[in-house]
Structure formats: structure tokens, C-alpha cells
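Shown next, in C-alpha cells, is the structure this report addresses.
2 protein chains.
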Amino acid sequence: MSRSRPHPLTSSPSARGGTAPRERDAVPVFVALGDATRLRLLRRLSTEGPLSITRLSHGAGVTRQAITRHLYALGSAGLVRHRKLGREQIWDLDAKRLEIARQYLDHVAAQWDAAAERLKAFVETQEETTEP
Amino acid sequence: MSRSRPHPLTSSPSARGGTAPRERDAVPVFVALGDATRLRLLRRLSTEGPLSITRLSHGAGVTRQAITRHLYALGSAGLVRHRKLGREQIWDLDAKRLEIARQYLDHVAAQWDAAAERLKAFVETQEETTEP
DNA sequence: ATGATATGCAACATGTAGGTTGCATAACAT
DNA sequence: ATGTTATGCAACCTACATGTTGCATATCAT
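So the sequence lines, in the order shown, correspond to chains A and B.
Numbering-wise, numbering that gives the first Met the number 0 puts 101 at position 102 of the first sequence, and it's gapless, one number per residue.
Numbering-wise, numbering that gives the first Met the number 0 puts 48 at position 49 of the second sequence, and it's gapless, one number per residue.
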């Protein structure tokens with residue numbers, strides 16, 4: 000959809016100016032995404048907007064404290080952030096870091112695109128040398 | 000770069016035909032990607048082509064057994080596969096599953112794009128409205 | 001002031017990821 | 001036949017992620 004359009008929110012420095020995202024930077028993002036509860040939190044935040052811990056805990060299947068930890072996990076990966084609002088703590092997506100994460104994903108996907116095509120070409124020429 | 004071009008290998012059904020990838024399916028992929036050693040393995044496979052366990056172990060910084068485990072971890076996420084070739088075990092990327100993984104990433108990225116724009120619009124109009 | 005609500009903090013249990021070492025086995029080279 | 005190379009298998013260790021419970025504290029509503 001909006002895949003190759005330059006984003007207005009962030010000027011996307013690292014991926015464009017020649018500096019490809021390194022594995023080291025991508026790892027914590029993937030780690031953060033590697034949990035069903037956290038993915039659900041991200042989806043809720045991306046569809047319902049900013050929410051408090053308590054609201055995010057409802058229907059989550061785990062305790063509020065567990066949700067709190069997941070939120071901080073997402074936070075240290077730079078995917079979400081929070082602000083205090085009265086006695087509530089409101090969490091929302093961090094657009095800036097989200098853009099960076101998106102570039103990681105794009106980068107990985109592009110790598111795989113290239114690899115897939117190399118693989119295709121490879122298979123076409125190598126098919127018979129391996130096995131009967 | 001090759002982001003919006005329809006892929007020849009797989010006709011990208013899920014992003015088009017309505018079946019969006021669920022979190023449950025994406026989680027193991029992200030888990031597999033959430034490790035520096037494994038990302039390096041994927042990168043090597045995507046640039047150097049199919050390699051044996053021993054070759055993948057060289058310069059990896061950990062033991063061969065550790066690499067073996069990482070490879071099987073990537074394998075159970077469907078990102079790589081292996082075949083026996085003499086006394087060697089050759090690992091390579093699994094193009095089919097890779098395409099599915101790529102769609103996950105695209106889906107997530109698209110979600111975030113939309114959320115980012117909603118956020119932008121939200122901030123522009125909501126700056127003063129605190130609570131419902 | 002008082003009770004209800006939202007969160008913070010800390011201790012604890014448990015599973016498992018990631019790594020190691022040691023030895024066994026299979027396939028190759030000579 | 002024999003040594004070398006590539007891998008398999010298993011036991012073991014350690015750190016940490018995930019979840020819990022219990023209690024304390026801050027904020028709100030009345």
C-alpha cells in the first residue's frame with residue numbers, strides 16, 4: 000500500500016543514506032514482536048489509539064502486572080511510549096521508532112526478495128545435480 | 000525496493016484475498032528473528048547460498064552445536080530447511096515460507112503505516128481534548 | 001474524610017533459550 | 001584399513017522471560 004512512499008513523520012535517515020540497519024539494531028525489535036500478548040497489545044493500540052494499563056489489561060488473559068511488563072518490554076524496544084495522565088498511565092505507539100522498525104522489516108524483506116530470486120535461478124540450473 | 004511488485008514465486012494471497020495473517024502465525028517467525036546469531040545465519044544463507052553446518056559455524060563465535068540448534072530453530076519457524084548431502088547437512092532458505100514471512104512483515108508494516116497516519120491526524124485535532 | 005480505582009513495587013516460582021562439554025557414529029580420503 | 005572430517009546425541013549449567021501474589025501508594029469521586 001504505502002510501502003515505498005517516503006514517510007512524512009520521520010525523514011528516515013538510516014536506511015536511505017546508505018546505512019542499512021544492522022542486525023544488532025533489529026534484534027530487540029523482533030524480540031519484542033515475538034510474543035502473542037505483545038502483538039495483541041500493539042494491534043489494540045494501533046486500532047483503538049492510546050489506552051491505559053487497566054484498559055489494556057481487560058480481556059488480555061493475564062494479570063495487569065503482566066501487561067505492565069509487556070508494555071515496558073515494548074517500550075524498551077522503542078515501539079511504544081507512555082505518559083502520565085492523572086492517576087492513569089496512557090500508552091500509545093511511538094510513531095518515530097515505529098518508522099525505524101518498519102524500515103528494518105523492509106530491509107529484511109528486501110534481502111529475502113533478492114535471496115528468493117537467486118534461489119529461483121539457482122534451482123533452475125542445479126535441479127539435477129543433487130539427487131535422483 | 001521490490002516492495003510493491005507482485006511476486007512471481009507466490010501470488011501473495013493473504014494480503015490480497017482477505018485472509019490476513021494472524022498474530023499466532025507471526026509470533027514464531029518473530030521469535031526466530033529475535034536473535035543476532037540467527038539473523039547472521041539468515042544473512043549468510045541469503046548472500047552465500049546453501050551451506051553446511053560446519054561452514055556456518057566458522058566465525059560464528061559459538062560452537063557448532065549451538066549453530067545446529069539455531070538452524071533447527073529457524074527450521075521450525077519455516078525459514079530454512081536442510082538436506083543430507085553425503086556426510087554433510089546442507090541448509091538453505093526456504094523460499095516458500097520466506098514469502099509467507101515476508102507477507103507477515105508487510106502486513107505488520109501496513110498496520111503501522113495506517114496507525115501512524117491516524118496518530119498524526121489525531122494529534123492535529125485532539126491536542127486539547129483529554130478524555131471522552 | 002472515605003471508599004473506590006489505578007498503578008507501583010517486590011518477592012517468588014517456573015519454564016526454557018542459549019550455551020557448553022564429552023563421547024558416539026557416519027562418511028570420506030589415502 | 002585407518003585416520004580425518006562432519007555430524008548426532010545427551011547431560012548439564014545459567015540467565016532471563018513470563019507469570020503470579022501481596023501489599024503499598026496515589027488519585028479520583030462523593
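Heads up, the beta-carbon is just placed ideally off N, CA and C, and yes, glycines get one too.
Predicted, not measured: the structure shown is a model, and the values here were computed from it.
The residues Arg63, Ile66, Thr67, Leu70, Glu87, Gln88, Trp90, in chain order, have a CB closer than 8 Å to that of Ile52 (chain A) in the same chain once the five nearest residues on each side in sequence are set aside. Chain-order list of chain A residues neighbouring Trp111 (chain B): Ser45, Leu97, Arg101, by C-beta distance under 7 Å. A distance below 8 Å separates the beta carbons of Ala115 (chain B) and Leu97 (chain A). Residue pairing by DSSP leaves Lys95 (chain B) without any beta bridge partner. For Leu73 (chain A), the three-state secondary structure derived from DSSP is helix.
Under the three-state reduction of DSSP output, Val79 (chain B) falls in the strand class.
Sixteen is the threshold: when 16 or more other Cβ atoms of the shown chains lie within 10 Å of the Cβ of Ser45 (chain B), as they do, the residue is buried.
With 16 or more other Cβ atoms inside 10 Å of its own Cβ, Gly33 (chain A) counts as buried.
About 5 Å separates the CB atoms of Asp93 (chain A) and Arg80 (chain A); that is less than 8 Å, so the two are in contact. Rounded to the nearest angstrom, the gap between the Cα atoms of Arg42 (chain A) and Ala25 (chain B) is 13 Å. Distance between Ala59 (chain B) and Val28 (chain B), taken at the CA atoms: about 22 Å. For a Cβ distance threshold of 7 Å, residue set Val26 of chain A lies close to Asp34 (chain B), ordered along the chain.
Contact between Leu55 (chain B) and Leu78 (chain B) is ruled out by a C-beta separation of about 14 Å, above the 8 Å threshold. Chain A has a Cβ within less than 8 Å of the Cβ of Leu38 (chain B). In this structure, the beta-carbon distance from Ala76 (chain A) to Glu22 (chain B) does not fall below 8 Å. Boundaries of the alpha helix (DSSP H) harbouring Arg54 (chain A): 52-56, taken from the DSSP string. Using a Cβ-Cβ cut-off of 8 Å, Ala72 (chain A) does not count as an interface residue toward chain B, since no Cβ of chain B sits closer than that to its own. Boundaries of the alpha helix (DSSP H) harbouring Arg37 (chain B): 35-47, taken from the DSSP string. Within the same chain, no Cβ atom closer than 6 Å to the Cβ of Asp112 (chain A) is found once the five residues on either side in sequence are excluded. Around the beta carbon of Val61 (chain B), fewer than 16 other beta carbons sit within 10 angstroms, so the residue counts as exposed. Around the CB of Ala31 (chain B), 16 or more other CB atoms lie within 10 Å, so the residue is classed as buried. Ala108 (chain A) places its beta carbon less than 8 Å from that of Asp105 (chain B). Look at Ala108 (chain A): its C-beta is under 8 Å from a C-beta on chain B.
In summary, Leu50 (chain B) is buried, with 16 or more beta-carbon neighbours lying within 10 Å of its beta-carbon over all protein chains present. Counting other Cβ atoms within 10 Å of its Cβ, Leu38 (chain A) reaches 16 or more and is therefore classed as buried.
Partner residues in a beta bridge of Ile66 (chain A), as assigned by DSSP, do not exist.
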